[in-house]
Amino acid sequence: MSFPHHRPRRLRQTPALRRLVAEHRLHPAELILPAFIREGLSEPSPIQSMPGVVQHTSETLKRAAAEAAELGLGGIMLFGVPEERDANGTASLDPDGVLNSAIRDVRAEVGDSLVVMSDVCLDEFTDHGHCGVLDAQGRVDNDATLEIYAQMAVAQAEAGAHVLGPSGMMDGQVAVIRQALDTAGRQDVAVLAYAAKYASAFYGPFREAVDSQLKGDRRTYQMDAANRREALLEVELDLEEGADMVMVKPAMSYLDILADVAAMSPVPVAAYQISGEYAMIEAAAANGWIDRKSAIVESVLGIRRAGANMVLTYWAPEMARWLREA
Ligand code: PBG
1 MSFPHHRPRR
11 LRQTPALRRL
21 VAEHRLHPAE
31 LILPAFIREG
41 LSEPSPIQSM
51 PGVVQHTSET
61 LKRAAAEAAE
71 LGLGGIMLFG
81 VPEERDANGT
91 ASLDPDGVLN
101 SAIRDVRAEV
111 GDSLVVMSDV
121 CLDEFTDHGH
131 CGVLDAQGRV
141 DNDATLEIYA
151 QMAVAQAEAG
161 AHVLGPSGMM
171 DGQVAVIRQA
181 LDTAGRQDVA
191 VLAYAAKYAS
201 AFYGPFREAV
211 DSQLKGDRRT
221 YQMDAANRRE
231 ALLEVELDLE
241 EGADMVMVKP
251 AMSYLDILAD
261 VAAMSPVPVA
271 AYQISGEYAM
281 IEAAAANGWI
291 DRKSAIVESV
301 LGIRRAGANM
311 VLTYWAPEMA
321 RWLREA
């Protein structure tokens, strides 16, 4: 009888051994909490398709940000839901609009103890729900949109954002935002580029979270799920345009992309575990079909293992509490 020469099981025998040889471990500082604030709310409003996630009032958002800082999270990514929408998303430029006010409030609350990030995109502000403005034929007009992004970026920087997250997938968006920030004297504000962002069915619950008005889809600007090589082009362009960090989104169905980007990117790589990924795990757990906590930890560990330096996840505060207890 011949016995195995190699016994990898030796290092799996006890929790202490497994901990010793773990190649990755989670830390609150690499988790970023995406958060929604809705204008005109008096009470936080639950998002049905994302159990446990709410649209915040300005008060509850401040509390969530203070808690995130206290838990040692890496950052908070703010999304605003305005009361008024129009074809050009004008409310996005109002210094006292929902998102810009939220940035100012959150910065006043947390100072520099938490990285304050904000979404530079028009979809929450337009009445047609697209990430850009439309031309006479109803197509998303890339270059007209860039002019608005540049102004949004400066408004968000003035409100106090440390990092801007352009998520609209317009060509050239990082370059115009960088240039606008520099011209406005905001060389200090960083850009986290949604470099490889795919058109995904898993954004479904987010559309509820921001009361999206979108009819149709975003396939003329977001990437096609069939493509892998193209992600590297998107990342290279964003780096050339001055991105300080790059993101892959969604995460779980795009771990190959994440690994590719992690292998070539000289700047930090983020991944966004999006609303549908959250909803799937919550729904399966609510049915008793999977163990909630282990599934959440495994999903985020997988994203880190694929190469993300930081992960945007709606579970960030809860995970930070688990890590504190561990
Ligand atoms: C667009 C944007 C979206 C998300 C973040 N920014 C939606 C979309 O592209 O349709 C989705 C995030 C999530 O699903 O959790 N501003």
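Residue 188 in the UniProt record's numbering sits at position 188 of the sequence shown, with consecutive numbering throughout. Don't be surprised by glycine CBs; every beta carbon is placed ideally from N, CA and C.
Completely contained alpha helix (DSSP H) runs for the stretch 70 to 124, where each covers 4 or more residues:
98 to 110
Which residues end up in the neighbourhood of the ligand PBG when you take C-beta atoms closer than 5 Å to any of its heavy atoms?
Selection around the ligand PBG by beta-carbon proximity, strictly under 5 Å to any non-hydrogen atom, yields C121, D123, S167, Y203, F206, I274, S275 in chain order.
Three-way DSSP call (helix, strand, coil) for F3 in this model:
By 1-based counting over the sequence shown, the position of residue 3 is 3. Coil.
Assign R139 to buried or exposed, taking buried as 16 or more other Cβ atoms, counted over all protein chains shown, within 10 Å of its Cβ.
Position 139 of the sequence shown, counting from 1, holds the residue named residue 139. Its Cβ having fewer than 16 others within 10 Å, R139 is exposed.
Alpha carbon to alpha carbon, how far is M319 from A144?
Indexing the sequence shown from 1 puts residue 319 at position 319. Indexing the sequence shown from 1 puts residue 144 at position 144. Going by the C-alpha atoms only, they are around 41 Å apart.
Q81 versus R10 - alpha carbon distance
As a working note, residue 81 is residue 81 in the sequence shown. As a working note, residue 10 is residue 10 in the sequence shown. The sequence given here has Val at residue 81, not Gln. Between V81 and R10, the C-alpha separation is close to 53 Å.
Are at least three pairs of beta-carbons, each pair with one atom in the stretch 256 to 270 and one in the stretch 280 to 289, less than 8 Å apart?
no
Distance between R25 and S294 (C-alpha atoms, nearest Å):
By 1-based counting over the sequence shown, the position of residue 294 is 294. By 1-based counting over the sequence shown, the position of residue 25 is 25. In a straight line, the C-alpha of S294 is about 14 Å away from that of R25.
Would you mind reading off the limits of the beta strand (DSSP E) that contains residue 364?
This structure does not reach residue 364, given that the chain is present from 1 up to 326, and the question cannot be answered.
Which two residues bound the contiguous alpha helix (DSSP H) that contains A284?
For the purposes of this step, residue 284 is identified with residue 284 of the sequence shown, where counting begins at 1. 275 to 286 is the span of the alpha helix (DSSP H), which, as asked, contains A284.
Tell me whether S299 is buried or exposed, calling it buried when 16 or more other Cβ atoms sit within 10 Å of its Cβ.
Position 299 of the sequence shown holds residue 299. Result: buried.
Within 10 Å of its beta-carbon, does L20 have 16 or more other beta-carbons around it, so buried, or fewer, so exposed?
What you label residue 20 is simply residue 20 of the sequence shown in a count that begins at 1. The residue is exposed, with fewer than 16 neighbouring Cβ atoms inside 10 Å.
With distance defined between alpha-carbon atoms, name the residue in K62, A153, E84, A87 nearest to I76.
By one-based count along the sequence shown, residue 76 stands at place 76. The candidate whose alpha carbon is nearest that of I76 is K62.
Closest by CA to R321, which one among D105, A271, G72?
Locating residue 321 in the sequence shown gives position 321, where the first residue counts as 1. Of D105, A271, G72, the residue nearest in Cα terms is G72.
Going by beta-carbon coordinates alone, are S118 and G74 separated by less than 8 Å?
Counted from its first residue, the sequence shown places residue 118 at position 118. Counted from its first residue, the sequence shown places residue 74 at position 74. No, they are not a contact pair.
Look at the alpha carbon of V98 and the alpha carbon of R324, and state the distance between them as a whole number of angstroms.
Position 98 of the sequence shown, counting from 1, holds the residue named residue 98. Position 324 of the sequence shown, counting from 1, holds the residue named residue 324. Cα to Cα, V98 sits roughly 33 Å from R324.
Return helix, strand or coil for T126, following the three-state DSSP convention.
Locating residue 126 in the sequence shown gives position 126, counting from the first residue. Three-state DSSP puts T126 in a strand.
Nearest candidate by alpha-carbon position, reference M112, set Q151, Q156, A161:
Counted from its first residue, the sequence shown places residue 112 at position 112. Strictly speaking, residue 112 in this sequence is Asp, with Met absent from that position. It is A161.
DSSP three-state label for V53, please.
Here residue 53 corresponds to residue number 53 of the sequence shown, with the count starting at 1. Coil, per DSSP.
I need the straight-line Cα distance from Q273 to R7, nearest angstrom please.
Here the question's residue 273 lines up with position 273 in the sequence shown. Here the question's residue 7 lines up with position 7 in the sequence shown. Between the C-alpha atoms of Q273 and R7 there is a straight-line separation of about 35 Å.
Buried/exposed call for L233, threshold 16 Cβ in 10 Å
On the sequence shown, position 233 is the one that residue 233 refers to. By the C-beta density criterion, L233 is exposed, having fewer than 16 other C-beta atoms within 10 angstroms.
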